[in-house]
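Undergrad: So in my numbering, spot 232 of the sequence shown is number 233, and the numbers just go up one at a time.
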Amino acid sequence: MSDVRGLVEQMRGNRTKLAIFNTVRQLGRTTALDVEFRIGLSRPTVLKYLEQLADDGLVIEHGEGEPSGGRPSRVFEIRSSAAFSVGVDFGAPGLTFALVDVSKGVIDKMEVETDLEEPPSLTAKRMEDGIRQITLRNEVELEERVIAVAVGVPCYIERETELLQPIPRLPHWENVPLKAVLERELEVPVYIETGPRLMVIGEREFGGGGDVRNMVYIHVREGIGMGVIVDGRVLKGSKEDVGEIGHTVVWPQGPVCICGRRGCLEVFASEPAMVRRMEEMTGRRIGPHQLFSEVRDGVPEARKVIEEAMYYLAIAIVNVVELFDPEVVVVGGNIVQGGEFVLRTLREKLEGMKLDHRGVEVRFSSLGVYAGALGAASFAMESAFNPFPEASA
2 MSDVRGLVEQ MRGNRTKLAI FNTVRQLGRT TALDVEFRIG LSRPTVLKYL EQLADDGLVI
62 EHGEGEPSGG RPSRVFEIRS SAAFSVGVDF GAPGLTFALV DVSKGVIDKM EVETDLEEPP
122 SLTAKRMEDG IRQITLRNEV ELEERVIAVA VGVPCYIERE TELLQPIPRL PHWENVPLKA
182 VLERELEVPV YIETGPRLMV IGEREFGGGG DVRNMVYIHV REGIGMGVIV DGRVLKGSKE
242 DVGEIGHTVV WPQGPVCICG RRGCLEVFAS EPAMVRRMEE MTGRRIGPHQ LFSEVRDGVP
302 EARKVIEEAM YYLAIAIVNV VELFDPEVVV VGGNIVQGGE FVLRTLREKL EGMKLDHRGV
362 EVRFSSLGVY AGALGAASFA MESAFNPFPE ASA
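(1) How is His248 classed by DSSP in three states: helix, strand or coil?
(2) How far does the alpha helix (DSSP H) with Asp130 in it reach, from first residue to last?
(3) Bridge partners for Arg234 per DSSP, in chain order?
(4) When the Cα atoms are used, what is the spatial distance from Phe325 to Leu165?
(5) DSSP on Glu308, reduced to helix/strand/coil?
(6) Check Met275 in the structure and name its three-state DSSP category.
(7) Pick out the complete beta strand (DSSP E) segments inside the segment 340-388, 3 residues or longer, and give them in chain order.
(8) Evaluate the contact criterion for the segment 163-178 versus the segment 204-218: three or more CB pairs, one atom per stretch, below 8 Å.
(9) Report all residues from its chain with a CB closer than 7 Å to the CB of Val5; omit the five preceding and five following residues, and keep chain order.
(10) Between the C-alpha atoms of Ile108 and Val343, what's the straight-line distance to the nearest angstrom?
(11) Taking all protein chains shown into account, decide if His63 is buried (16 or more other Cβ within 10 angstroms of its Cβ) or exposed.
(12) Buried or exposed: Leu314, going by 16 or more other Cβ atoms within 10 Å of its Cβ?
(13) From which residue to which residue does the alpha helix (DSSP H) around Gln291 run?
(14) If you draw a straight line from the C-alpha of Arg44 to the C-alpha of Val363, how long is it?
(15) Determine, using beta carbons only, whether Arg185 and Gly228 come nearer to each other than 8 Å.
(16) In chain order, what residues of the same chain lie with their CB nearer than 6 Å to the CB of Val332, ignoring the 5 residues before and after it?
(17) Just to confirm before moving on: does the CB-CB distance between Met128 and Leu183 stay below 8 Å?
(18) May I ask you to report which of helix, strand or coil DSSP gives Gln254?
(19) Start and end of the beta strand (DSSP E) containing Lys110?
(20) Does the segment 301-314 come within contact of the segment 278-293, defined as at least 3 CB pairs closer than 8 Å?
(21) Look up Leu59 in the DSSP assignment and say whether it is helix, strand or coil.
(22) For Gly106, collect the residues of the same chain with a Cβ closer than 8 Å to its Cβ; drop the 5 residues on either side in sequence, then sort them by chain order.
(23) Please look up how many angstroms separate the CB atoms of Glu206 and Ser379, rounded, as I've assumed it's under 8 Å.
(24) What's the call for Phe77, buried or exposed, on a 16-neighbour Cβ count within 10 Å?
(25) Leaving aside the five residues before and after Gly353 along the sequence, list all residues of the same chain whose C-beta is less than 6 Å from its C-beta, in chain order.
(26) In the DSSP assignment, find the unbroken alpha helix (DSSP H) run with Asp35 in it and report its ends.
(27) Taking C-beta to C-beta, are Thr115 and Gly95 nearer than 8 Å?
(28) For the alpha helix (DSSP H) holding Gly196, just list the boundary residues, first then last.
Now the structure itself:
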């Protein structure tokens, strides 16, 4: 099976075959009868395409299963090693990568340091090198078996031109053709999406949120971003810019933010804000990892910083819950390194603001720094196998 990408492209032009393939992907090991019932096609049609998919090497047949209602049915499942996708997340302070198979089994993850101030061309080269490295070390042929790549970025995406546009933390990322550059160098379809939107997909698919249809993911690092799922769909907005929670105002008389407003959430609860507050209190130079380590160790000043920051984060979360009515709010980023004290403090602030009566679960992400990369890999896979990716986002 040397041309998986060609097979996928052909299948995208045959909605019936694609629907049957995606049904098997969703059901896992299943019978032709189950597929028939799920999508409402005749048994001969279902079997014809399942046999084609088996000949293509995309599914495996396991003979006949237990009879159902007196009707034995042939058993099929996806060949997990048939195709792969790679997800990349670009954020501070580095790049994260995830390699996922067609059954969404996580094959590998890795992290590469980068500098937000370096030229976009160098960051793009690091992405290319990382994609080649993670596939090579897992003996996955990039040109043959990787069907798509997706990259999460902290920039604005100009959808008409597919160019990246600057944000205050990345003023030099103007008119950057990242998608075109990566597609030219890798010869693989590349999708570009905002980081937090991919993070909430990653949390849903890989963080134990599979049955949750209404979820908010808040990512705290250099900035504060948010991804939102409502009724199973990832929200985008008129400019596809839903999720800029870091630039919502939590104190109108507060300090000036890099965006020009006063009192934005990022001024109080982002990593730089917490580090700056710690340095003000102690006179010591400190990084975020050390800060969160001292929080775990019970250093009073570090815990005071967390108490202040969680107050403002709680204000934002209360507003988000009232707006979107989620079942779960997941908080991710390096802040989870602060451990139980951080989560307990946040929950206490939320209880003080009467959020507890809504029955919303507030928890830390279990995916560490990889929520975005995993979500990107999932998004790439779904986009490759769906000619209408908006419908499944």
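All residues carry an ideal CB built from backbone N, CA and C; glycine is no exception.
TA: Taking the coordinates as given:
(1) Collapsing the DSSP output to three states places His248 in a helix.
(2) From DSSP, the alpha helix (DSSP H) with Asp130 extends over Pro121 to Leu137.
(3) Arg234 pairs with Val231.
(4) Between Phe325 and Leu165, the C-alpha separation is close to 28 Å.
(5) In this structure, DSSP gives Glu308 a helical state, which the three-state scheme calls helix.
(6) Met275 falls in the helix class under three-state DSSP.
(7) You should have 362-365.
(8) Taking 8 Å as the limit for Cβ pairs, the verdict is that the segment 204-218 does not touch the segment 163-178.
(9) Taking C-beta separations shorter than 7 Å and ignoring five residues to either side along the sequence, the partners of Val5 in its chain run Ala83, Ala84, Glu145, Arg146 and Ile148, following chain order.
(10) Whole-angstrom Cα-Cα distance: 31 Å.
(11) By the neighbour-count criterion, in which 16 or more other beta carbons inside 10 Å mark a residue as buried, His63 falls on the exposed side.
(12) By the 10 Å Cβ count, Leu314 comes out buried.
(13) Its alpha helix (DSSP H) spans residues Pro289 to Arg297.
(14) In this structure, the CA atom of Arg44 is about 46 Å from the CA atom of Val363.
(15) If you check the CB distance, Arg185 and Gly228 do not come in under 8 Å.
(16) For Val332, where only same-chain residues beyond five positions count, the Cβ hits under 6 Å are Ile219 and Phe365.
(17) Between Met128 and Leu183, the C-beta gap is smaller than 8 Å, which places the two residues in contact.
(18) Residue state, collapsed to three classes: coil.
(19) Element bounds for Lys110: Val107 to Glu114.
(20) Contact between the segment 301-314 and the segment 278-293 is present: three or more C-beta pairs spanning the two stretches fall below 8 Å.
(21) Here Leu59 carries a coil assignment [DSSP, helix/strand/coil].
(22) Closer than 8 Å at Cβ, skipping near neighbours: Ser81.
(23) A Cβ-Cβ distance of about 5 Å is found for the pair Glu206 and Ser379, placing them in contact under the 8 Å criterion.
(24) Within 10 angstroms of the beta-carbon of Phe77 lie 16 or more other beta-carbons, which makes it buried.
(25) The answer is none, since no qualifying residue turns up.
(26) Secondary structure note for Asp35: its alpha helix (DSSP H) is the uninterrupted segment Ala33 to Ile40.
(27) Cβ distance < 8 Å, so Thr115 and Gly95 count as in contact.
(28) Gly196 to Phe207 is the span of the alpha helix (DSSP H), which, as asked, contains Gly196.
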